[in-house]
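What follows is a short report on a single structure.
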Amino acid sequence: MTGFYTKIMEELEEEIKELTYEQGNVLASSEKAVELILHKTSELKEYVLKTGFKNVQEEIHFFKYQKPAIIAKLIYHNAIYKIEARKPYGAKPIRKYLNKELKKLKRFFDNNLDFYKYYRSNNSFLDENFFVRGKHDIKLWLDTYYFQSDQTFSTSHDYKVAKIIANDLIQVYIEGQLYSKTQDSNSASTEKLNWTGSKVAMIELIYALHYQGVFDNGNSDIRIIAQYFESAFDVELGNFYQTYLELRTRKINRTKFLDELRDGLLKKMDEQDEK
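Residue numbers (full-length UniProt numbering): 1 to 275.
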């Protein structure tokens, strides 16, 4: 049994790896992976029903460890296909959607906490109830799914183990997606904007904002505001006090840049009103 199972799993791993590399598309590769896994599962089922098991221990080992490993791949790729197919557009809707999917995993965990503890603790005292065909106890965390399954190739809890394994993988996938979205958002928010106006214009704007009290209710130091602008736009303003003094001593047009801003905005508004 072990030799045939190992061969099946190695072939499957290699085929899925090649598939992922060739397709380069999550939906397409997940769909094809499901087909591959179903085919290999069918081969495995045929072998098991034909050769059987040497003893109860081999049967328990197969349904506790070996079959769940391949079925977990089926659950995982099917879940990824559905997640990607239903994913909305936009960063915020995607984050909300993915967090909702994580809550589904948490709900399964909460509903199966006792069996989680049993399985994760490597207990074995109930293995003959859980992982031997034809034996089941409805009082022991039994899913309705079991009664609909092919009981010649299923036990009461092998699918639940597969689900636990798959959910761990799905969680890693979703959290990876969320992390990626966060990184993209951070990259977008920290992308530098280039100030293409003059330094004098920037200093005029800084002083106007400062004296209007728009930062910290007017309690910010002009030096702090200037440093912020320098950092945000990668500009060195130099002696901005001296530049401001020169603006004050102008005889005419002391607020040249601010006047241009106002005139430009009003002109654009008028143009849009005429459309």
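We treat Cβ as the ideally placed atom computed from N, Cα and C, and that holds for glycine.
Handout entry: Given 8 Å, three or more beta-carbon pairs between the stretch 95-112 and the stretch 40-54
Key = Inter-segment contact for the stretch 95-112 and the stretch 40-54 is absent: fewer than three beta-carbon pairs are separated by less than 8 Å.
Practice task
Please specify which runs of the alpha helix (DSSP H), each continuous and at least 4 residues long, are wholly inside the stretch 96-124, giving them in chain order.
Solution key: List check, alpha helix (DSSP H) in window: 113-120.
Handout entry: For Ala69 and Ile165, believed in contact at Cβ under 8 Å, the rounded distance
Key = The pair is a contact, with the Cβ atoms about 7 Å apart (cut-off 8 Å).
Handout entry: Residue closest to Thr196, alpha-carbon to alpha-carbon, out of Thr243, Glu230, Gln177
Key = Nearest Cα to Thr196 within the set Thr243, Glu230, Gln177: Glu230.
Practice task
State the Cα-Cα distance for the pair Gln148 and Lys87, rounded to the nearest angstrom.
Solution key: The alpha-carbon atoms of Gln148 and Lys87 are separated by roughly 30 Å.
Problem - Contact check, Tyr81 vs Leu169, beta carbons under 9 Å - result: No, Cβ-Cβ distance for Tyr81 and Leu169 is not below 9 Å.
Exercise for the section: Indicate whether the contact test is met: 3 or more Cβ pairs, each with one atom in the stretch 54-68 and one in the stretch 108-115, closer than 8 Å. Expected result: Because the criterion of three Cβ pairs below 8 Å is not met, the stretch 54-68 and the stretch 108-115 do not touch.
Handout entry: Buried versus exposed call for Ala72 [16 or more other C-beta atoms within 10 Å across all chains shown]
Key = Looking at its Cβ environment, which holds 16 or more other Cβ atoms inside 10 Å, Ala72 is buried.
Practice task
Could you name the residues of the same chain whose beta carbon sits closer than 7 Å to that of Gln177, not counting the 5 residues immediately before and after it, in chain order?
Solution key: Result list for Gln177: Leu98, in chain order.
Problem - Closest by C-alpha distance to Lys45, when choosing among Glu11, Asp150, Ile94 - result: With distances taken between Cα atoms, Lys45 lies closest to Asp150.
Exercise for the section: May I ask you to report which of helix, strand or coil DSSP gives Glu260? Expected result: It is helical.
Exercise for the section: Could you tell me whether any non-hydrogen atom of the ligand ATP is closer than 8 Å to the CB of Lys67? Expected result: Inclusion of the ligand ATP in the displayed structure is not the case, the ligand content being empty and no account of it being possible.
Exercise for the section: Given a cut-off of 9 Å, decide if Ala232 and Leu193 are closer than it, judged by their beta-carbon atoms. Expected result: The answer is yes: Cβ separation under 9 Å.
Practice task
Look at the Cβ atom of Phe125, then the Cβ atom of Thr155, and state whether they are nearer than 9 Å.
Solution key: No, Cβ-Cβ distance for Phe125 and Thr155 is not below 9 Å.
Problem - Collapsed DSSP secondary structure at Thr41 in the structure displayed - result: Helix.
Problem - 9 Å Cβ cutoff met for Phe145 and His136 - result: With the sequence shown as reference, residue 145 is identified as Tyr, and Phe is not the correct amino acid for it. Result no, Cβ atoms of Tyr145 and His136 do not sit closer than 9 Å.
Problem - As assigned by DSSP and simplified to three states, the class of Asp273 - result: Reduced to three states, the DSSP call for Asp273 is helix.
Handout entry: Buried versus exposed call for Ala33 [16 or more other C-beta atoms within 10 Å across all chains shown]
Key = That one is buried.
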